[in-house]
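If you read the sequence shown in my numbering, its first letter stands for residue 42, the second for the next number, and so on.
Below is one structure, written out as structure tokens; the observations come after it.
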Amino acid sequence: MMKNIREVVIIKYLDNKIKEEIGFNYILNELSINTPYGMAVKKKNRVYRKEEYNLLRNELDNVEKIIDSLHRNKEAYSEIERTMMEFKDITNLIKRYNRNYILDEVELFEIKSFAINTQKLLSTYKNLDLDIDIKFQSMKSIIKLLNPENKTSHTFSIYNAYSIELEEVRNKKIKLEKLIFKEENQERIKLLKSERLDLVVEEEKLESSIKKCLSEKIYDYIDDIKHNIDAIGRLDMLIAKGRIAIKYLAVKPKILEEVNICFKDMKNPKVINYLRENNKDYIPVSISLEKGVTVITGANMGGKSVTIKTMVLNLLLALMGFYVFAAEAEVAMMDFVYLISDDMQSISKGLSSFGAEIIKINEAIKDIKTGNGFIGLDEFARVTNPGEGVILLRALCKFLKDYNTVSLISTHYDGIIDRDMKHYQVVGLKNVDEINLRNKINVDREDSTRIIQDKMDYRLEIVDEHCAVPKDAIKVAKLLGLDEKILDYTEAMIKNS
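What follows is the structure, encoded as structure tokens:
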């Protein structure tokens, strides 16, 4: 249970808009959840805190075992998921249920149906012989209570088997109803109906007594019901985690105690599927981060934003007990995770993009000073005066180096990198055959932007602090046929700068 703000800091700062941007909500929507209890677990899904290191390791071990079991027991899991689809949500009923609460027939039916489905699920689950920390309590006692006539149907009524007296009253009532149907004398009919009414009252008293007795007996198993609701939800979520991991060939992240993050060939399913719909291939990206500042440079078309969002997505997933979309992954437990970009502009508060960035950085600094975590800055100060933007970004980098934080900053500004920073650069158009590319553009001017994007290499390479930001923007301008005079002016300005 989440108890205070410090424990949910990651969830707090990666708000729903950011989760949508990085593709996290896309992943949640892709999860195949089959029960209302699984949906509740999904909604409460959270980041594991540093003191929950062993719990996170255990969750990832559970996912690993589920994946292995899914491969080996396809029919059994199909049966489990079919059974899961039969569950109705009884959580509100269980919340209001107490020792003095008398269940009505509909509620008794819901509990009976839950018990039968749980027992069916338990039967299949036990045969899997899964070594995970999800166990079910038997519901046979509840089924016996609510199914005294041993019928196969999920339906429920106050059966005659509960009481000989009730059976006698009902039989008398049926006989009277037959007499009333045959009788023609109105006075006699009136008398018979009065007798029937007395029997109806007696029947209702007996039924109420039986419902009270059943409610008291079932309450003895309330903890077992609550336990099974939790177990069903957890199993549903684990199976969903396993299925999405299989679908995207995800891997189990290694959880570190030191403050490092490393992803080899990381991917973003939201971007993969978007590109696939447009007949394009996704290029995986690798990145390794330690405590301190790492900077990604490259032109605006170089995919820096997608890279940083993909890294944050996979970091968040790892810390929430998911397999990650990469070939290999290592992550540290974090006190906080931030992603700040000018996309977070708050219109409702009347803030500019730059103003919103500063507000978020101020919020992050409180945690940076007291804990260790991750902060991502996507093109910080992009929309402000470039001269001031460079100075502010350099100052921010200097500040971040003094704390136990992993910082990843993307920028197209020159002059940011210092000797003690790691510097990644987007390969971009560095290795492209410009003559060949220009010829292709000349053949199909209307599709020139797509042609350039298709040739863009979004992978990262480590370079030293002296390596300037690539001038891909000027290269693109040339390829797209910008006026020669403007390009001449540009070249002259670069030489004189």
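Ideal Cβ positions, reconstructed from N, Cα and C, are used throughout, including at glycine.
What are the boundary residues of the alpha helix (DSSP H) that N99 is part of? Y94 to R113
Limits of the unbroken beta strand (DSSP E) element including E369: E369 to A373
How should P189 be labelled, buried or exposed, when 16 other C-beta atoms within 10 angstroms of its C-beta is the threshold for buried? exposed
Where the beta strand (DSSP E) through V504 begins and ends: D498 to V504
Give the straight-line distance between the Cα atoms of S346 and K526, rounded to the nearest whole angstrom. 32 angstroms
Buried versus exposed call for I349 [16 or more other C-beta atoms within 10 Å across all chains shown]: buried
Are three or more beta carbon pairs between the stretch 225 to 245 and the stretch 281 to 288 nearer than 8 angstroms? no
Can you tell me whether E116 is buried or exposed, with buried defined as 16 or more other CB within 10 angstroms of its CB? exposed
Assuming the contact rule is C-beta atoms closer than 8 angstroms, K332 and N445 should be a hit. Round their C-beta distance to whole Å, please. 6 angstroms
As a quick exercise: from D408, F377, M307 and S394, pick the residue whose alpha carbon is nearest that of A368. M307
Is the beta carbon of L330 sitting closer than 9 angstroms to the one on N355? no
Which listed residue (K516, D455 and N309) has its alpha carbon closest to that of R479: K516
Which value, in whole angstroms, describes the spacing of the CA atoms of S198 and P77? 25 angstroms
Just to confirm, are T351 and V378 a CB contact at a threshold of 9 angstroms? no
V242 to E100, Cα distance in whole Å? 56 angstroms
Using DSSP with H/G/I as helix, E/B as strand and the rest coil, what is Q178? coil
Among K258, H112 and V353, which one has its Cα closest to the Cα of I59? V353
Can you give me the Cβ contacts of D265 inside the same chain, cut-off strictly under 6 angstroms, excluding the 5 residues immediately before and after it? Q178
Identify whether L171 lies in helix, strand or coil by the three-state DSSP scheme. coil
What are the boundary residues of the alpha helix (DSSP H) that I63 is part of? N57 to I63
Give every residue of the same chain whose Cβ lies closer than 8 angstroms to the Cβ of K213, excluding the five residues on either side of it in the sequence, and list them in chain order. L240
Taking D145 as the reference, which of S250, I221, V372 and T531 has the closest Cα? S250
Please state whether DSSP places H268 in a helix, a strand or coil. helix
Determine the direct distance from the alpha carbon of I215 to that of K223, and round the result to whole angstroms. 13 angstroms
Does DSSP put G391 in a helix, a strand or coil? Low confidence applies here, because G391 scores a pLDDT of 43, under 50, leaving its location unreliable and the question unanswered by this model.
Excluding the 5 residues flanking I135 on each side, which residues of the same chain have their C-beta closer than 8 angstroms to its C-beta? I263, I266, K267 and I270
Can you name, in chain order, every residue of its own chain whose Cβ lies under 7 angstroms from the Cβ of A286, other than the five neighbours on each side? V104, I108 and Y364
Three-way DSSP call (helix, strand, coil) for K161 in this model: helix
Contact under 9 angstroms by Cβ, M374 with R90: yes
Please look up how many angstroms separate the CB atoms of I296 and L97, rounded, as I've assumed it's under 8 angstroms. 6 angstroms
Looking at C-alpha atoms only, which residue of I409, V372, E420 and V334 is the closest neighbour of L449? V334
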